[in-house]
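S.K.: In our numbering, the protein residues as written are 46 to 173.
#1: With respect to the alpha helix (DSSP H) encompassing residue 170, which residues constitute its N-terminal and C-terminal limits?
#2: Assign residue 118 to one of three DSSP states: helix, strand, or coil.
#3: Around the Cβ of residue 102, are there at least 16 other Cβ atoms within 10 angstroms (buried) or fewer (exposed)?
#4: Please confirm if residue 166 has its CB atom under 8 Å from at least one CB of chain C.
#5: Just verifying my parser: in three-state terms, what is the DSSP assignment at residue 95?
#6: Residue 105 by DSSP, collapsed to three states: which one?
#7: Which two residues bound the contiguous alpha helix (DSSP H) that contains residue 131?
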C-alpha cells in the first residue's frame with residue numbers, strides 16, 4: 046500500500062487559508078482604492094477647467110481591513126458639503142455636459158481589481 050505525501054502540509058495550508066485570504070483581500074482592496082483615488086484625481090485635472098483645488102483636496106480614500114471594504118471619492122461629510130457641485134460635473138445637468146471623472150476612475154480600476162482578487166484567492170488557497 047502506498048502512502049500519499051504532503052497531506053499534513055495541505056491540511057495546515059487549508060486551516061490557514063481564511064486568515065491568509067483575508068489578509069490578501071485587504072491588501073488588494075488597499076491597492077485598488079489607492080489606484081482609484083489616483084485615477085480620479087488625474088481625471089479631475091484633465092476634465093475640469095477651473096481649478097480652485099476643492100475637488101482634488103476632498104477626493105479621498107478609506108479602507109477598512111475589518112469589514113474588507115474600501116471607498117474613494119467624497120466620503121466625508123465635510124468633503125460632500127465642500128464639493129457639492131462635484132456630482133453636477135460628474136453626471137452633467139441640462140445645461141452642462143457630463144465630465145465623468147469619478148465614473149471613469151471606477152471603470153479604470155474595476156477589471157484589475159477583479160483579476161487581483163482572484164489571484165489573491167488562488168495564492169491563499171495554494172498557501173503562498
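The beta-carbon is built from N, C-alpha and C at its ideal position, and this holds for glycine as well.
M.R.: Taking the definition as stated:
#1: The residue you call residue 170 lines up with position 125 of the chain shown. Unbroken alpha helix (DSSP H) run through residue 170: 146-171.
#2: Here residue 118 is taken as the residue at index 73 of the chain shown, counted from 1. Strand at residue 118.
#3: The residue labelled residue 102 in the question sits at position 57 within the chain shown. Exposed, because fewer than 16 other Cβ atoms sit within 10 Å of the Cβ of residue 102.
#4: Protein chains in the displayed structure number just one, and chain C is not present.
#5: Here residue 95 corresponds to residue number 50 of the chain shown, with the count starting at 1. Coil.
#6: On the chain shown, position 60 is the one that residue 105 refers to. Per DSSP, reduced to three states, the secondary structure at residue 105 is strand.
#7: Looking up residue 131 in the chain shown gives position 86. Where residue 131 is concerned, the enclosing alpha helix (DSSP H) stretches over 131-136.
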